[in-house]
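Notes follow the structure.
Protein chains: 2
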Amino acid sequence: MKYIGVDVGGTSVKAGVVDEAGHILVKGSTPTLAKRSYEWVIQDIADLCLRVARQADVPMEEIESIGVGVPGICDMKTGIIPFCTNLGWHDVPFVSELQKHIDKPVWVENDATVAGYAESIAGVSAGTQSSVFITLGTGVGGGIVINGKPYSGAHGIGSEIGHMILKMDGEPCTCGNYGCFERYASATAIIREARRALKSHPESLITEACGGDPDSINAKIVIDCAKAGDATAMEVFSEYVRALALGIVTLINAIDPEVIVLGGGVSVAGDFLLDAVREAVKPHVFYKGLPYADIRLAKLGADAGIIGAALLGRR
Amino acid sequence: MKYIGVDVGGTSVKAGVVDEAGHILVKGSTPTLAKRSYEWVIQDIADLCLRVARQADVPMEEIESIGVGVPGICDMKTGIIPFCTNLGWHDVPFVSELQKHIDKPVWVENDATVAGYAESIAGVSAGTQSSVFITLGTGVGGGIVINGKPYSGAHGIGSEIGHMILKMDGEPCTCGNYGCFERYASATAIIREARRALKSHPESLITEACGGDPDSINAKIVIDCAKAGDATAMEVFSEYVRALALGIVTLINAIDPEVIVLGGGVSVAGDFLLDAVREAVKPHVFYKGLPYADIRLAKLGADAGIIGAALLGRR
Chain A
1 MKYIGVDVGG TSVKAGVVDE AGHILVKGST PTLAKRSYEW VIQDIADLCL RVARQADVPM
61 EEIESIGVGV PGICDMKTGI IPFCTNLGWH DVPFVSELQK HIDKPVWVEN DATVAGYAES
121 IAGVSAGTQS SVFITLGTGV GGGIVINGKP YSGAHGIGSE IGHMILKMDG EPCTCGNYGC
181 FERYASATAI IREARRALKS HPESLITEAC GGDPDSINAK IVIDCAKAGD ATAMEVFSEY
241 VRALALGIVT LINAIDPEVI VLGGGVSVAG DFLLDAVREA VKPHVFYKGL PYADIRLAKL
301 GADAGIIGAA LLGRR
Chain B
316 MKYIGVDVGG TSVKAGVVDE AGHILVKGST PTLAKRSYEW VIQDIADLCL RVARQADVPM
376 EEIESIGVGV PGICDMKTGI IPFCTNLGWH DVPFVSELQK HIDKPVWVEN DATVAGYAES
436 IAGVSAGTQS SVFITLGTGV GGGIVINGKP YSGAHGIGSE IGHMILKMDG EPCTCGNYGC
496 FERYASATAI IREARRALKS HPESLITEAC GGDPDSINAK IVIDCAKAGD ATAMEVFSEY
556 VRALALGIVT LINAIDPEVI VLGGGVSVAG DFLLDAVREA VKPHVFYKGL PYADIRLAKL
616 GADAGIIGAA LLGRR
């Protein structure tokens with residue numbers, strides 16, 4: 001049996017035909033054009049699914065199910081997506097709408113959750129039963145796997161680890177709270193702190209690297225400057241790592257997964273980030289001397305969304 | 316079949332014979348006298364188990380297993396308790412030592428975890444599949460139930476929710492970190508903040524209630540003064556509730572259980588606490604308008620430890 005996995009993003013929709021082991025046979029994409037009514041977006045998703053199946057030479061009879069990762073949540077009892085901010089969706093009857101075009105079982109999950117699930121089946125946490133995947137991007141997303149299955153909580157609203165409160169009364173968050181984990185562990189946090197630091201340290205390499213325009217700073221620029229030994233960039237990076245590590249400590253003390261996987265844009269910093277995070281977590285774990293989660297870098301990259309969504313049908 | 320449940324505390328050991336439904340048939344206790352070598356403590360535990368079985372008129376052949384809740388953790392692969400700070404235990408081969416006296420399967424779990432499990436079987440969260448139990452005492456303990464089973468993580472070090480970091484760089488914690496949840500949500504936090512507040516508000520009712528001796532302040536005094544309308548006590552209580560609520564928000568956003576149960580000493584404040592916490596959580600939940608964990612007061616009280624430990628054998 002084969003599965004189709006769909007990764008719905010604000011800019012583009014990606015889809016692929018995936019086998020039992022989590023390998024992508026064929027993939028393709030189409031622009032989301034999210035401003036249209038949802039019916040058109042979902043029709044394009046259906047067309048993309050049919051196209052990749054055709055290109056993979058897999059007849060639809062051999063497709064077990066369609067899995068979809070969305071930047072929001074879905075109530076699988078009703079098949080309705082109550083919120084999907086990036087797409088401007090509100091109470092969209094996603095499952096029934098997609099099934100108007102393709103008569104297959106449809107599974108929908110949060111995009112970070114499916115990416116974490118993909119890593120636990122075919123990626124860096126393959127073979128483990130429990131893991132927490134942390135996407136370090138514009139925000140911070142989370143994918144929890146428990147007992148080998150994607151875990152999104154009793155009401156489907158869990159795994160929003162970017163909105164664990166790390167610093168009560170800290171930086172204001174887009175969610176309305178203060179001090180959320182993502183205010184300190186996202187690429188956005190690196191950019192914010194670099195801009196602040198440049199005010200007192202204009203001599204930093206970052207100034208040159210961003211062409212003198214603080215609006216051009218991104219996380220890669222800051223991390224590259226830190227790698228090059230720039231003191232200001234290093235300070236921003238160290239503080240970032242410290243906050244990320246303390247959020248990971250919360251996850252270890254509460255959920256204690258086998259593995260914690262770092263993914264998303266910031267994780268392309270590679271071992272420079274990984275080594276620093278591992279060092280920063282160690283002294284803060286509650287039960288010192290006992291084994292705790294191994295921290296690893298994601299390895300499926302942008303394909304994780306398609307693979308994880310597809311494998312939802314294997315449950 | 317019947318089960319024996321044992322609740323090992325720093326001062327006393329309690330044990331009871333428990334039926335399938337989680338009802339205690341007979342219970343008893345013995346002083347822990349933890350300063351002795353662990354062999355003697357465990358011998359007393361075994362004697363207590365045999366005694367309650369005799370008093371319940373249940374022959375040992377009808378006892379399925381012995382479950383034990385300890386203020387620490389146990390590695391069930393080896394039967395060794397690596398840490399149990401209150402008892403001064405370090406690498407104690409608990410299971411084999413107890414089995415020298417009683418040849419039955421022995422299950423050991425963290426005491427807050429078994430209390431939460433008890434509530435989920437025979438208490439306020441009965442019938443639910445997932446819950447987080449929060450003990451609001453000298454510290455803050457946690458008991459997580461997922462898929463109807465006690466959850467203590469991949470390495471047995473999870474559910475230490477008192478050591479989630481709620482305020483990075485906040486109050487120093489006994490664990491060595493700063494700003495742990497229990498520094499804000501324990502009875503200890505109420506006492507600390509009341510003492511601080513009395514310095515600028517000696518006119519508070521608390522002064523009279525503690526006989527002018529700040530060392531005599533306890534959480535009950537402060538909450539009773541808040542209930543009586545004392546402004547200083549109310550301020551301490553409100554700030555306590557706010558921090559507790561933000562920790563609960565972290566649990567909802569990450570784990571999203573069906574129910575969150577408040578237990579431990581502070582929870583005897585009853586609806587005065589519960590109503591305030593529910594109100595304080597509501598505006599901070601990430602997915603506004605969607606259902607989230609119902610917050611409830613524990614109802615098994617001190618028996619939860621015996622019941623939950625006993626029912627470990629039902630797994």
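So the protein lines, in turn, are chains A and B. Positions 1 to 315 (our numbering) are the ones given, in order, by the first sequence. Positions 316 to 630 (our numbering) are the ones given, in order, by the second sequence. No residue lacks a Cβ here, since even glycine has one placed at the ideal position from N, Cα and C.
Taking Cβ-Cβ distances below 9 Å as the criterion, which residues of the region 475-487 of chain B are in contact with chain A? E475, I476, G477, H478, M479, I480, L481, K482, M483, D484, G485
Using a Cβ cut-off of 8 Å (strictly closer), state whether A/Y117 contacts chain B. The residue you call residue 117 of chain A lines up with position 117 of the first sequence. No, no contact with chain B.
Please state whether DSSP places B/H470 in a helix, a strand or coil. Mapped onto the second sequence, residue 470 of chain B falls at position 155. Coil, per DSSP.
With distance defined between alpha-carbon atoms, name the residue in A/I42, A/C49, A/Y240, A/D303 nearest to A/A280. Here residue 280 of chain A is taken as the residue at index 280 of the first sequence, counted from 1. Of A/I42, A/C49, A/Y240, A/D303, the residue nearest in Cα terms is A/Y240.
Inter-residue CB distance, A/I190 and A/V236 (contact presumed, cutoff 8 Å): Sequence index remark: in the first sequence, residue 190 of chain A carries index 190 (1-based). Sequence index remark: in the first sequence, residue 236 of chain A carries index 236 (1-based). Indeed, because the Cβ distance is near 6 Å, the residues count as touching under 8 Å.
Quick one, are the C-beta atoms of A/P257 and B/A469 less than 8 Å apart? What you label residue 257 of chain A is simply residue 257 of the first sequence in a count that begins at 1. What you label residue 469 of chain B is simply residue 154 of the second sequence in a count that begins at 1. Yes, they are a contact pair.
Listed from N- to C-terminal order along the chain, which residues in the region 399-414 of chain B have their beta-carbon within a distance smaller than 7 Å of any beta-carbon of chain A? none
So, for A/G79: in the same chain, excluding its five sequence neighbours on each side, which residues have a beta-carbon less than 8 Å away from its beta-carbon? On the first sequence, residue 79 of chain A is found 79 positions in, with the first residue counted as 1. Here the set comprises P93, F94, V95, S96, V106, V108.
Taking the beta carbon of A/W89 as the centre, do at least 16 other beta carbons fall within 10 Å, making it buried, or is it exposed? Walking along the first sequence from the start, residue 89 of chain A turns up at place 89. When all chains shown are included, A/W89 counts as buried.
Kindly say whether A/D256, judged by its beta-carbon, lies nearer than 8 Å to any beta-carbon of chain B. Along the first sequence, one-based indexing puts residue 256 of chain A at 256. Judged by the 8 Å Cβ criterion, A/D256 is in contact with chain B.
Check whether the Cβ atoms of B/Q455 and B/E497 sit closer than 8 Å, and answer yes or no. For this step, residue 455 of chain B is matched to residue 140 along the second sequence. For this step, residue 497 of chain B is matched to residue 182 along the second sequence. Note that residue 455 of chain B is Val in the sequence shown here, rather than Gln. Contact flag set, yes.
What are the start and end residues of the alpha helix (DSSP H) that includes B/F552? To locate residue 552 of chain B, count along the second sequence from 1; it is residue 237. That run of the alpha helix (DSSP H) goes 546-569.
Of the residues A/I252, A/I161, A/G264, which one's Cα is nearest the Cα of A/D294? In the first sequence, counting from the first residue as 1, residue 294 of chain A sits at position 294. Closest option to A/D294, judged by alpha-carbon separation, among A/I252, A/I161, A/G264: A/I252.
Per DSSP, which residues does B/A399 bridge with? Please list them. Walking along the second sequence from the start, residue 399 of chain B turns up at place 84. It should be pointed out that residue 399 of chain B corresponds to Cys in this sequence rather than to Ala. Answer is B/W404.
Is there a Cβ from chain A that is less than 8 Å from the Cβ of B/A504? Reading the second sequence from its first residue, position 189 is the one you call residue 504 of chain B. It does not: the Cβ of B/A504 has no partner Cβ on chain A nearer than 8 Å.
Is there contact here, the region 299-315 of chain A with the region 336-355 of chain B, by at least three beta-carbon pairs under 8 Å? no
Measure the alpha-carbon distance for B/D372 versus B/M316 and round it to whole angstroms. Locating residue 372 of chain B in the second sequence gives position 57, counting from the first residue. Locating residue 316 of chain B in the second sequence gives position 1, counting from the first residue. Cα-Cα distance, rounded: 13 Å.
Residue-level contact to chain A via CB, B/Y602, 8 Å cutoff: Here residue 602 of chain B refers to the residue found at position 287 of the second sequence. Taking Cβ atoms only, chain A reaches closer than 8 Å to B/Y602, which makes this a yes.
If I'm right that B/G623 touches B/S380 with Cβ under 8 Å, what's the distance once you round it to whole angstroms? Counting from one through the second sequence, the residue named residue 623 of chain B turns up at place 308. Counting from one through the second sequence, the residue named residue 380 of chain B turns up at place 65. With a Cβ gap of about 13 Å, B/G623 and B/S380 do not count as contacting.
Counting only beta-carbon atoms, is A/Y319 nearer than 8 Å to chain B? Residue numbering for chain A in the displayed model covers 1 to 315; residue 319 of chain A lies beyond these limits and cannot be assessed.
Applying the criterion that 16 or more other CB atoms from any shown protein chain within 10 Å of the CB defines a buried residue, is B/K329 buried or exposed? Here residue 329 of chain B refers to the residue found at position 14 when the second sequence is read from its first residue. B/K329 should be labelled buried.
Report the rounded CA-to-CA distance for A/S159 versus B/H416, giving the unit in angstroms. As a working mapping, residue 159 of chain A is identified with position 159 in the first sequence. As a working mapping, residue 416 of chain B is identified with position 101 in the second sequence. Cα-Cα distance, rounded: 45 Å.
Beta-carbon gap between B/A558 and B/E434 smaller than 8 Å: Taking the second sequence and counting its residues from 1, the one referred to as residue 558 of chain B is at position 243. Taking the second sequence and counting its residues from 1, the one referred to as residue 434 of chain B is at position 119. For B/A558 and B/E434, no; Cβs fall outside 8 Å.
Can you tell me whether B/R611 is buried or exposed, with buried defined as 16 or more other CB within 10 angstroms of its CB? On the second sequence, position 296 is the one that residue 611 of chain B refers to. Under this definition B/R611 is a buried residue.
Proximal chain A residues relative to B/C490, where beta-carbon distance stays under 8 Å: Walking along the second sequence from the start, residue 490 of chain B turns up at place 175. Near B/C490 (Cβ distances below 8 Å), the residues of chain A are F286.
Contacts around B/G585, its chain only, beta-carbon distance under 8 Å, and the 5 residues preceding and following it disregarded: The sequence position of residue 585 of chain B within the second sequence is 270, counting from 1. Here the set comprises L612.
Going by Cα to Cα distance, which pick from A/S12, A/N110, A/L198, A/I206 is closest to A/S152? Numbered from its first residue, the first sequence carries residue 152 of chain A at position 152. Answer by Cα proximity: A/N110.
So, using beta-carbon positions, are A/P172 and A/L198 closer together than 8 Å? In the first sequence, counting from the first residue as 1, residue 172 of chain A sits at position 172. In the first sequence, counting from the first residue as 1, residue 198 of chain A sits at position 198. No, these two residues do not count as a Cβ contact at 8 Å.
Let me know the secondary structure DSSP gives B/T503 once reduced to three states. By 1-based counting over the second sequence, the position of residue 503 of chain B is 188. Residue state for B/T503 is assigned as helix, using DSSP reduced to three classes.
Could you tell me whether the Cβ atoms of A/S131 and A/G116 are closer together than 8 Å? Here the question's residue 131 of chain A lines up with position 131 in the first sequence. Here the question's residue 116 of chain A lines up with position 116 in the first sequence. Yes, Cβ-Cβ distance for A/S131 and A/G116 is below 8 Å.
Locate the beta strand (DSSP E) running through A/T207, then write down its first and last residues. As a working mapping, residue 207 of chain A is identified with position 207 in the first sequence. For A/T207, there is no enclosing beta strand (DSSP E); the enclosing alpha helix (DSSP H) has its first and last residue at 205-209.
Leaving out five residues before and five after A/F83 in sequence, what residues of the same chain have Cβ atoms less than 8 Å from its Cβ? Here the question's residue 83 of chain A lines up with position 83 in the first sequence. Result list for A/F83: G72, I73, W89, H90, in chain order.
Selection of the region 191-203 of chain A by Cβ proximity to chain D, strictly under 9 Å: Here the protein chains are A and B, and chain D is not one of them.
6 Å Cβ shell around A/C175 - same chain, five flanking residues per side excluded: Here residue 175 of chain A corresponds to residue number 175 of the first sequence, with the count starting at 1. Closer than 6 Å at Cβ, skipping near neighbours: H163.
Based on the DSSP secondary-structure assignment, which residues constitute the bridge partners of B/S344? The count along the second sequence starts at 1 and reaches residue 344 of chain B at position 29. DSSP output for B/S344 lists B/K329 as bridge partner(s).
If the cut is a Cβ gap below 7 Å, which residues of chain A does B/A301 touch? An answer regarding residue 301 of chain B cannot be provided, because it is not within the stretch 316 to 630 covered by chain B.
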